[in-house]
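Student: Can you keep this structure in mind? I'll have questions shortly.
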Amino acid sequence: MDIIQQKILEQINFNLQSISLYIEKLSKAEIKLDSNKIDLIHYSNHEWLNMLEYQDLKKRLEEYNEQSTDASMKNNFAEYCRKVCLQIEILVNKFTEKRYGDEKLQDSQYKKLRDFFKTAKENFNQYQDREYKLISYIMEIRNVGSHGDHNGRSILQRIELKGKSIKIKLQKTKNTVSPKEIQNIFSEFVSYYDKYNPKTNNPKITDRTEEGYTVITLSNLKDKYFDCNSIIHYIESNRTTLRHKLGNEFKILPDKHQHPNELKIFFEQQDYAEIKHTMNWFIQEIGKHLK
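Here the sequence shown is numbered in the working numbering, starting from 2 and rising by one per residue.
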């Protein structure tokens, strides 16, 4: 190898090293920028968590907090929600234990969350309260992401199915048909229905018989009933069987006002700032009710 070739190789090596250093610096700068954008939840800013009796709790929260930030840096929103959900459950369980004792710890996480909100907010409405809805979306995404799908659907497709609801309108039904009978008929299209529970709200029946119609809202749909047409087709195909309950002249059609898929919208927006803001409110409120 002559001197000229050696100098060329040395220059190439130097250039490669310079490029490598530049990429490393750029990566660090991007990470710093993203960290400022996403940021950790600062548990130390909440005075009640600095008390000696809550140090073990705080340590567990901070561990999952760091893991959630790692997931956000990797742009894995489903994993981020999973780690945030673990923090939510720790906080809700502590509230439940402190307020109600060990017995209610066996309740579902959704039940415990609703119990907290009923305590924290006067006239709480789970269908309208923004903080409750956001926290429940995080829990829903965690649940979807924690279970596989034998149909090979992506996480977004499964979230779309989970968050979708359908509104169907029934007209010209016979006067004697009850909301419970209508609910039983349309339970065919939802994944879970407890006909013995008088508080069952899926399908949700909005009785407008005085105005000539009834609206049925269905959520947690079975896979094969993902749109209005599939449900209407099923009902029409079984008209002969159903007319003794609904009447000979009943009409079924999609409602003009369909709900937006809020769970899907939440997943696609990936609003880390709003989640952080809501979590800080949630942590503060939990602390108020542990005194």
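Built from N, CA and C at the ideal position, the CB exists for glycine as well.
#1: Excluding five sequence neighbours on each side, which residues of the same chain lie with their C-beta closer than 8 Å to the C-beta of W282?
#2: Buried or exposed: where does T279 fall if 16 or more other Cβ atoms within 10 Å of its Cβ makes it buried?
#3: Taking 8 Å as the cut-off, decide whether the C-beta atoms of F251 and K170 are in contact.
#4: Pull up the CB-CB distance for V191 and L222, whole angstroms please, since I reckon it's below 8 Å.
#5: Confirm, please, whether the CB-CB distance from I160 to I232 is below 8 Å.
#6: Per the DSSP calculation, Q172 is bridged to which residue(s)?
#7: In whole angstroms, what is the alpha-carbon distance linking T97 and E211?
#8: Just curious, the alpha helix (DSSP H) that D57 is in, first and last residue?
#9: Which stretch, first to last residue, makes up the beta strand (DSSP E) that contains K205?
#10: Let me make sure I understand the geometry here. Which of F78, N66, Y44, S73 has the alpha-carbon closest to that of K265?
#11: I'd like to know whether the C-beta atoms of K196 and N203 end up nearer to each other than 8 Å.
#12: Within this structure, are the beta carbons of K246 and E182 separated by less than 8 Å?
#13: If we ignore side chains and look at the alpha-carbon of each, how far apart do T242 and N230 end up?
#14: Use the C-beta contact count for T207: other C-beta atoms within 10 angstroms, 16 or more gives buried, fewer gives exposed.
#15: Going by alpha carbons, who is nearest to I253 out of R154, Y128, R240, K95?
#16: On the DSSP letters alone, give me the boundaries of the alpha helix (DSSP H) that P261 sits inside.
#17: Put S166 into one of helix, strand or coil per three-state DSSP.
#18: Pick helix, strand or coil for L1, following the three-state DSSP scheme.
#19: Which value, in whole angstroms, describes the spacing of the CA atoms of K257 and H234?
#20: Using a threshold of 8 Å, state whether the C-beta atoms of E63 and Y44 are closer than that.
#21: Can you list, in chain order, the residues of its chain with a C-beta nearer than 7 Å to that of K26? Leave out the 5 residues immediately preceding and following it.
#22: Suppose you measure from the CA of I32 to the CA of T70; what does that come to, to the nearest Å?
#23: Could you tell me whether the stretch 133–150 touches the stretch 111–122, where touching means 3 or more Cβ pairs closer than 8 Å?
#24: What is the residue span of the alpha helix (DSSP H) that V145 lies within?
#25: Report the rounded CA-to-CA distance for F268 versus K163, giving the unit in angstroms.
#26: Alpha carbon to alpha carbon, how far is N51 from G288?
#27: Drop a sphere of 10 angstroms on the beta-carbon of Y128, count the other beta-carbons inside from all chains shown, and report buried for 16 or more, exposed for fewer.
#28: Quick check: the Cα distance between Y101 and D150, rounded to an integer number of angstroms?
#29: Per DSSP, L219 is paired with what?
#30: When you compare each of K105, N46, N152, K165 to F227 by their alpha carbons, which one comes out closest?
Tutor: Reading it off the structure:
#1: E132
#2: Residue environment analysis places T279 among the buried positions, since at least 16 neighbouring C-beta atoms fall within 10 angstroms of its C-beta.
#3: no
#4: 6 Å
#5: no
#6: Y214, K252
#7: 43 Å
#8: 56–74
#9: Unbroken beta strand (DSSP E) run through K205: 205–209.
#10: F78
#11: no
#12: yes
#13: Computed Cα separation, rounded: 19 Å.
#14: exposed
#15: R240
#16: Secondary structure note for P261: it is in no alpha helix (DSSP H), with a DSSP letter that is neither H nor E.
#17: strand
#18: In the structure as shown, the chain begins at 2 and stops at 292. Residue 1 is therefore absent and cannot be evaluated.
#19: 18 Å
#20: yes
#21: Note that K26 scores a pLDDT of 48, beneath 50, so its modelled location is shaky; the value from the coordinates is reported in the next line. Excluding sequence neighbours, K26 sits near nothing in its chain.
#22: Only weak support exists for where I32 lies, its pLDDT of 49 falling under 50; the value from the coordinates is given anyway. The straight-line gap from Cα to Cα measures roughly 11 Å.
#23: yes
#24: Per DSSP, V145 is one residue of the alpha helix (DSSP H) stretching across 131–146.
#25: 12 Å
#26: Taking C-alpha positions only, N51 is separated from G288 by approximately 11 Å.
#27: It is exposed - the Cβ of Y128 has fewer than 16 other Cβ atoms within 10 Å.
#28: Going by C-alpha positions, Y101 is about 37 Å away from D150.
#29: Per DSSP, I167.
#30: K165
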